[in-house]
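The sequence shown lines up with residues 1048 to 1349 when you count with our numbering.
Glycine is no exception: its CB is placed at the ideal position from the N, C-alpha and C atoms.
All figures in this text were calculated on a predicted structure; none of them were measured in a lab.
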Amino acid sequence: MNKVFGLGLSKTGTSSLAEALGALGIRTIHYPSDEATFECLRNGRYRLPVLEEYQGAVDIPVAPFYAQLDAEYPGSRFVLTVRDPEAWLRSVELHWELMMGWWHRYPGFQRFQEFISACVYGSVGFSRQRFLYAYETHRRNVESYFRERPGDLLVLDICGGEGWEALCPFLGVEIPEIPFPHANEWMHQLLAATAELASVVPEGEAMVLADPDTFGEGFAAGRRAIPFTEREGRYWGPPADGAQAVAELNRLSASGARFVVFGWPAFWWLDHYPELRGHLDERFDRVLDTDRLKVFQGPRRP
């Protein structure tokens, strides 16, 4: 299997799909919006540099380009997340209102968002009629494109309750012993988490951030986020085991980071790596514990 692409439009369970693929060991980026991706897409080049680091990519930066990505990455698998259209419209309208009020603070992201929105929806602002047309047309076109290759496309209704039992056989992997992730109302969660982070981690501080790819560049604004795990300044995926998790955390903390941050997409780390959880409880103070963020400060001296 070469790559895995999530072709669903935003608010069809794309965040949940990204987390699920990550939990299966498929390193996945949700909503790639970096400058190199932008330059490639707007110039009709689909050999994306970001896919040299990732095995999967989901959401609208890749959704409209399925035919071109199929040609560039033969042997890939494609997952089209779908949702009841009326529920999707209600969710995406609110999502758009939040996004429009947020993205102007980040001109680079705004430029990308306006470009990709025009590509997918034919509109930058929310339009119920236009968005519904784009949703229905996109689904029809994707299913038509893969009609003769049903083994390469999975239509997945995460919001309707589908999960591991559909995804894992499609990818040819074992069903993991963890619940299927449901990243409901991701933008609401992100905005609330951003405010919570600012309440406990002062500006200018360094912090160790588990699975930073989930959050985007605005989450830690004014703070230095060190990816956990890290290689040459880049996120390197979840630790192989608990011992590696503890060793990596100690290494990163020694660089001057006084805070360790787990967002809700990475909460499973604390269950999956009991050595890490025990180390944090023993050596660090838990300064924030919500449904969105768990923030630790330390380490305390032995």
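Original post:
Considering L1095, what are the terminal residues of the beta strand (DSSP E) in which it resides?
Top reply: Element bounds for L1095: n/a, residue is neither H nor E.
Original post:
How big is the Cα-Cα spacing for D1106 and Q1115?
Top reply: 15 Å
**OP:** Within 10 angstroms of the Cβ of A1118, are there 16 or more other Cβ atoms? Answer buried if so, exposed if not.
**Re:** exposed
Subject >> Coarse secondary structure for A1067, derived from DSSP in three states >> reply: helix
Subject >> Residues sharing a beta bridge with I1107, DSSP >> reply: According to DSSP, which records beta bridges pairwise, I1107 is partnered with nothing at all.
Original post:
Taking one C-beta from the segment 1202-1219 and one from the segment 1273-1290 each time, how about it: are there three or more such pairs within less than 8 Å?
Top reply: no
Original post:
If you check the beta carbons only, do G1210 and F1227 fall under 8 Å apart?
Top reply: Taking 8 Å as the cut-off, the Cβ atoms of G1210 and F1227 count as close.
**OP:** Please confirm whether E1183 and V1171 have their CB atoms less than 8 Å apart.
**Re:** No; because the gap between Cβ atoms is not below 8 Å, this pair is not in contact.
**OP:** Please state whether DSSP places Y1282 in a helix, a strand or coil.
**Re:** strand
**OP:** For L1200, verify whether its CB is less than 7 Å away from any heavy atom of the ligand FAD.
**Re:** Inclusion of the ligand FAD in the displayed structure is not the case, the ligand content being empty and no account of it being possible.
Original post:
Which stretch, first to last residue, makes up the alpha helix (DSSP H) that contains I1163?
Top reply: P1154 to Y1168
Original post:
Contact between the segment 1247-1264 and the segment 1070-1082: three or more CB pairs below 8 Å?
Top reply: yes
**OP:** Identify, in the order they occur along the chain, each residue of the same chain with its Cβ nearer than 6 Å to the Cβ of F1343, setting aside the five sequence neighbours on each side.
**Re:** These residues qualify, in order along the chain: V1307, L1327, F1331 and R1333.
Original post:
Given a threshold of 16 other Cβ atoms within 10 Å of its Cβ, counted over all protein chains shown, does S1080 qualify as buried or as exposed?
Top reply: buried
**OP:** Indicate whether the contact test is met: 3 or more Cβ pairs, each with one atom in the segment 1078-1092 and one in the segment 1129-1146, closer than 8 Å.
**Re:** no
Original post:
Can you name, in chain order, every residue of its own chain whose Cβ lies under 6 Å from the Cβ of R1271, other than the five neighbours on each side?
Top reply: A1253
Original post:
Can you name the residues that DSSP bridges to T1128?
Top reply: L1203
**OP:** Give me whichever residues DSSP pairs with L1340 in a beta bridge.
**Re:** G1310
Original post:
Beta-carbon separation of S1123 and F1052 under 8 Å?
Top reply: yes
**OP:** Please list, in chain order, all residues of the same chain as F1217 whose beta carbon is under 6 Å from its beta carbon, the five residues on each side excluded.
**Re:** L1201
Original post:
Leaving out five residues before and five after L1068 in sequence, what residues of the same chain have Cβ atoms less than 7 Å from its Cβ?
Top reply: V1051, T1075 and G1103
Original post:
How big is the Cα-Cα spacing for N1188 and V1109?
Top reply: 15 Å
Original post:
Expressed to the nearest angstrom, what Euclidean distance is found between the alpha-carbon atoms of P1249 and S1300?
Top reply: 17 Å
**OP:** Verify whether the separation of the beta carbon atoms of L1064 and T1128 is less than 8 Å.
**Re:** yes
Subject >> Per-residue burial, R1130 [other beta carbons within 10 Å of its own, 16 or more giving buried] >> reply: That one is buried.
Original post:
Going by beta carbon distance, what residues of the same chain come within less than 6 Å of F1309, once the five residues before and after it are set aside?
Top reply: The beta carbon of F1309 lies closer than 6 Å to those of A1257 and K1341 in the same chain, with the five residues before and after it left out.
Subject >> Where L1056 falls: helix, strand or coil (DSSP) >> reply: Reduced to three states, the DSSP call for L1056 is coil.
Subject >> For R1281, the nearest candidate out of M1147, W1143 and V1097 (CA to CA) >> reply: V1097
Original post:
With a Cβ-Cβ cutoff of 8 Å, do L1088 and V1167 count as a contact?
Top reply: no
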